[in-house]
Amino acid sequence: MKREEYLEKLQLTLEESDFGPVEEAISYFNEILEDRIQEEGMDEEAAIATMESPEEIARKLVHSKSTQQATSAEKMAADEPFVSGIRIINARADQVRRMVIRDRNMRLNLRGWQRDDIEIRHPETEKIRYDFTLEDGVLSLIRQAPEFTFNFLLFKSSQPNMREVNIFVPYELAAELDLRTSNAKLDAKNVACWGTATYATSNATIDLDNVGAKTMQVKGSNGSIKLEKIQVKHTLTATNSNARIKAEKILAPEALTLKTSNGKITVEQITTDALELTSSNGKIEGVLPGRQSDYTIRSQTSNSKNSLPRQQDGGSKSLSVRTSNSRIDIRFEEKL
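Number 515 in the numbering used here belongs to position 285 of the sequence shown; there are no gaps in the numbering.
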């Protein structure tokens, strides 16, 4: 069974059961499936196989609704109210060798600053909870999987600062970075880490500006990737789907790899010994330094124009450019 079919069946079952917030429930279970597909690498059928049947989920939701409505007055009298707000976590940067952030439906903002400590500001509500640890040099902030109840569907928060996590680190961070979210933008500026850096999201844009690392991986889908003023010691790889990639002022001495589908790739001011640009149904364009003869070239497109030779040998740098059903327009520019 595919995800769309599963959710349609769940929606129909809930509507027949006269369950109230059907749209919120469908959104919630779609989020669970998205997490398992994106983060755990499952295909749709495997992710659905881990779920209960739509009929069983509907039965539990209806039961939860009736039970909680019957006892809500008692709970309100007995429980202390949870105070939502922004939580602030501070840590010494010299104690951190790796930073791991795992979130969903939450924008991640990473910023370098002049201080020598790390500060994380994240929202916390009845719906949004995190587990924070700092052990053996690994700092982790992991979004908890919420326990689904009827009351869960009634929670709403529209304040902008309650929909983002802000992370502040020294401009030069002697650690690895692994930042991942989904269905929300990932934005990093003015940070250079000494180890590997990984940035990932889905269904939203990734914007990296003045960011550095030893090696870097950028992973997106259904949202554009913009890379500007990026410096790595070795390699930079950015993969995307159904959206464009733009890379400008990039230093990746060993290799730069940009891959997408159904999206355009644009490059400018690129410094690397090996450049690979791959798309499908998307134009590839840009300006590369030096002369065309400086590159060993392999290029291919279909049903459109190609400014590059299909094959050229003898250059000290390698250039591979491939797309389909769209144009290749790469030019070369010598510095005077």
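Backbone N, C-alpha and C fix where the C-beta goes; we use that ideal spot for every residue, glycine too.
Look up residue i in the DSSP assignment and say whether it is helix, strand or coil.
i      : result
ALA358 : For the sequence presented, residue 358 should be read as Ile rather than Ala. Reduced to three states, the DSSP call for ILE358 is coil.
ARG528 : strand
PRO539 : coil
VAL399 : strand
ASP324 : helix
PHE562 : strand
VAL292 : helix
ASP347 : strand
VAL551 : strand
GLU484 : coil
PRO519 : strand
Applying the 10 Å Cβ sphere with the 16-neighbour rule, what's the burial state of residue i?
i      : result
LEU538 : buried
ASP265 : buried
ASP333 : buried
GLY367 : exposed
LEU383 : Because LEU383 carries a pLDDT of 48, less than 50, the predicted location of this residue cannot be relied on, and the following value inherits that uncertainty. Buried.
LEU242 : exposed
HIS352 : buried
LYS565 : exposed
ARG410 : buried
Taking 8 Å as the cut-off, decide whether the C-beta atoms of residue i and residue j are in contact.
i      : j      : result
THR445 : THR465 : yes
ASN391 : ILE318 : no
LYS459 : ASP439 : yes
LYS476 : ALA504 : no
ARG561 : VAL517 : yes
ILE558 : ILE514 : yes
ALA414 : ALA427 : no
ALA422 : GLU394 : no
ILE267 : ALA279 : no
SER451 : SER471 : yes
LEU244 : ALA255 : yes
VAL326 : SER370 : no
Kindly indicate which residue of the options has the alpha-carbon position closest to the one of residue i.
i      : options                        : result
ARG540 : SER548, GLN530, SER546, LEU549 : GLN530
GLU486 : ASP273, VAL421, LEU457         : First, the residue type needs correcting, since residue 486 is Leu and not Glu in the sequence shown. When only C-alpha atoms are compared, the closest one is LEU457.
ALA375 : ASN339, ASN335, ALA405, LEU340 : ASN335
THR553 : ILE495, THR280, VAL313         : ILE495
ASP417 : ASP524, ASN396, GLY545, LYS232 : ASN396
THR569 : VAL313, VAL448, GLU253         : Outside the shown range of the chain (231 to 566) lies residue 569, about which nothing can therefore be said.
TRP461 : ASN472, ALA443, GLU478         : Correcting the residue type first, residue 461 is Gln in the shown sequence and not Trp. The shortest Cα separation from GLN461 among ASN472, ALA443, GLU478 belongs to ALA443.
GLY545 : THR526, ILE350, ASN536         : THR526
SER532 : LEU237, LYS290, ASN555, ARG359 : ASN555
ILE480 : VAL441, LEU364, GLU274, GLY342 : VAL441
GLU275 : GLU282, ARG233, GLY520         : ARG233
GLY285 : ARG328, ALA482, PHE249         : Checking the displayed sequence, the identity of residue 285 turns out to be Glu instead of Gly. For the residues ARG328, ALA482, PHE249, the minimum Cα distance to GLU285 belongs to PHE249.
ASP643 : LYS419, VAL399, ALA473         : This structure does not reach residue 643, given that the chain is present from 231 up to 566, and the question cannot be answered.
Contact criterion: CB-CB distance below 8 Å. Does residue i meet it with respect to chain B?
i      : result
ALA276 : Protein chains in the displayed structure number just one, and chain B is not present.
Should residue i be listed as close to the ligand NAD, given that the test is whether its C-beta is under 7 Å from any heavy atom?
i      : result
VAL313 : Within the structure as shown, the ligand NAD is missing, as the structure has no ligands at all.
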